[in-house]
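Some notes on the structure that comes next.
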Ligand SMILES: NC(=O)c1ccc[n+]([C@@H]2O[C@H](COP(=O)([O-])OP(=O)(O)OC[C@H]3O[C@@H](n4cnc5c(N)ncnc54)[C@H](OP(=O)(O)O)[C@@H]3O)[C@@H](O)[C@H]2O)c1
């Protein structure tokens with residue numbers, strides 16, 4: 008019998024339980040995928056801990072890649088045996104998962120199952136950040152944080168591909184080295200923001216800040232921007248930012264702030280195909296490298312969460328059944 012990793016109630020990383028399940032069946036418009044690798048995302052730690060509301064018991068995970076085993080009625084554009092990935096699934100911490108066919112992305116040759124599982128959530132996030140939350144232009148100077156993290160490594164590579172200057176932060180020298188290898192021009196420690204950012208930009212400030220750290224970084228983000236700069240707050244690895252007095256945006260130079268989430272940048276099939284095509288092309292051509300920093304067995308989902316929460320990981324964390 009196949010199994011899935013359940014979260015029976017809100018709790019720490021040790022709350023996970025391995026539960027035997029019946030093999031799911033695809034309904035109309037759906038595919039049954041045998042999971043080859045699962046992408047772990049920060050949001051699942053919030054759901055497990057009870058910070059984001061979910062109904063327990065709960066099988067977490069939106070991201071996985073694998074092989075199509077069965078096809079539901081009405082699906083014409085996939086065949087059994089084909090390789091797919093998704094970042095819009097439900098319950099991917101499992102050996103089998105049902106995926107809506109319109110949210111499945113065919114995996115091109117040249118991309119392994121593990122990379123296919125590691126890429127879509129963080130890669131599509133980096134794609135919409137540089138294209139849509141703010142459209143990065145050659146010559147822009149950008150501040151990001153967690154430059155050795157999953158989103159961070161991909162974001163830096165995409166920013167360099169667009170011709171931007173990248174300033175980022177890391178918490179250790181080993182992580183700084185990884186961020187530099189990904190192309191970051193300047194790697195700072197967190198306390199150096201915003202003063203060093205001002206120095207590096209000749210006092211002007213950066214054009215855009217991509218802030219996935221949230222609570223601890225937000226004030227430095229505001230203080231690092233140029234007049235009419237843009238702050239893209241896309242996460243809260245250190246906690247959520249408290250309510251913002253809009254007058255601060257006026258005082259710091261007519262700033263723009265946006266708080267995006269990935270779902271709003273995958274609105275229809277056309278948008279999904281565009282982002283996936285550009286992302287996969289960058290990887291197949293070698294312009295963007297995917298760094299899988301940690302692999303855990305699916306049954307070790309709790310250890311994967313503990314590693315992510317304790318800041319011990321670099322790049323992407325995956326689970327392999
Ligand atoms: N809005 C969206 O659409 C979207 C989509 C995907 C991800 N996200 C968000 O993007 C952020 C990055 O996600 P990721 O999966 O790529 O994670 P990650 O960057 O691989 O891991 C988080 C990193 O944040 C840094 N960090 C700074 N302060 C921290 C703290 N107090 N506790 C833990 N980590 C801290 C750590 O790097 P250092 O040790 O180098 O500081 C840590 O490695 C998360 O906030 C996530 O929720 C948002």
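Residue numbers (the working numbering): 8 to 328.
Glycine residues also receive a C-beta, built at the ideal position from the N, C-alpha and C atoms.
In this text the structure is predicted, and so the values were computed from the model without any measurement.
- Message: So if DSSP puts residue 322 in a beta bridge, which residue, or which two residues, is it bridged to?
- Response: 156
- Any idea if residue 81 is buried or exposed, counting beta-carbon neighbours within 10 angstroms, 16 or more meaning buried? exposed
- Closer than 7 Å: is that where the CB of residue 198 sits relative to any heavy atom of ligand 1? no
- Message: Between the alpha carbons of residue 118 and residue 45, how many angstroms are there, rounded?
- Response: 15 Å
- Message: Can you tell me whether residue 48 sits near ligand 1, meaning its C-beta is under 7 Å from at least one heavy atom of the ligand?
- Response: yes
- Task: Please list the segments of the alpha helix (DSSP H) lying wholly inside the stretch 10–69, counting only runs of 4 or more residues, in order along the chain.
- Result: 49–56
- Query: Counting only runs that start and end within the stretch 106–137, where is the alpha helix (DSSP H) found for 4 or more residues in a row?
  - Reply: 120–125 and 127–135
- Coarse secondary structure for residue 256, derived from DSSP in three states: helix
- Query: Do the stretch 263–274 and the stretch 143–156 touch if we need at least three Cβ pairs shorter than 8 Å?
  - Reply: no
- Message: Does the beta-carbon of residue 128, which I'm using as the reference point, lie nearer than 7 Å to any heavy atom of ligand 1?
- Response: yes
- Nonlocal neighbours in the same chain, by C-beta distance under 8 Å from residue 59, ignoring five residues either side: 50 and 53
- Task: Just the C-alpha distance for residue 67 and residue 186, rounded to the nearest angstrom, thanks.
- Result: 29 Å
- Message: Given 7 Å as the limit, tell me if residue 116 has its C-beta closer than that to any heavy atom belonging to ligand 1.
- Response: no
- Message: Using C-beta distances below 7 Å, list every residue in its chain close to residue 166, excluding the 5 sequence neighbours before and after it, in chain order.
- Response: 137, 143, 149 and 173
- Take residue 62 as the anchor and find which of 120, 16, 205 and 238 has the nearest alpha-carbon. 16
- Message: Counting C-beta neighbours from all protein chains within 10 Å, is the total for residue 286 16 or more, i.e. buried, or is it exposed?
- Response: buried
- Query: Using 8 Å as the Cβ pair cut-off and three pairs as the minimum, do the stretch 251–264 and the stretch 228–241 touch?
  - Reply: yes
- Message: What I want to know is whether the C-beta of residue 210 ends up closer than 7 Å to one or more non-hydrogen atoms of ligand 1.
- Response: no
- Is the Cβ-Cβ distance between residue 73 and residue 42 less than 8 Å? yes
- Measuring CB to CB, does residue 127 end up less than 8 Å from residue 199? no
- Item | Interface flag, residue 278 vs chain D, CB-CB below 8 Å | The displayed structure is made up of one protein chain only, and chain D is not part of it.
- Task: Compute the minimum distance between the beta carbon of residue 68 and the heavy atoms of ligand 3, and state whether it is under 7 Å.
- Result: This structure lacks ligand 3; the ligands present are ligand 1.
- Where residue 309 falls: helix, strand or coil (DSSP): helix
- Message: I'd like to know whether the C-beta atoms of residue 304 and residue 326 end up nearer to each other than 8 Å.
- Response: yes
- Message: Taking the straight line between their C-alpha atoms, what separation do you get for residue 184 and residue 243?
- Response: 24 Å
- Task: Drop a sphere of 10 angstroms on the beta-carbon of residue 102, count the other beta-carbons inside from all chains shown, and report buried for 16 or more, exposed for fewer.
- Result: buried
- residue 319: buried (16+ other C-beta within 10 angstroms of its C-beta) or exposed? exposed
- Item | Strand pairing of residue 176, partner residues [DSSP] | 195
- Message: Any heavy atom of ligand 1 inside 7 Å of the beta-carbon of residue 158?
- Response: yes
- Query: Among the residues of its own chain, which have a CB less than 7 Å from the CB of residue 302, if the five just before and after it don't count?
  - Reply: 325 and 327
- Query: Between residue 268 and residue 129, which are expected to be in contact by the criterion C-beta below 8 Å, what is the C-beta distance as a whole number of angstroms?
  - Reply: Not confirmed; about 14 Å, so no contact.
- Got a sec: does ligand 1 put a non-hydrogen atom nearer than 7 Å to the Cβ of residue 188? no
- Go ahead and label residue 179 buried or exposed: buried means 16 or more other beta carbons lie within 10 angstroms of its beta carbon, across all protein chains shown. exposed
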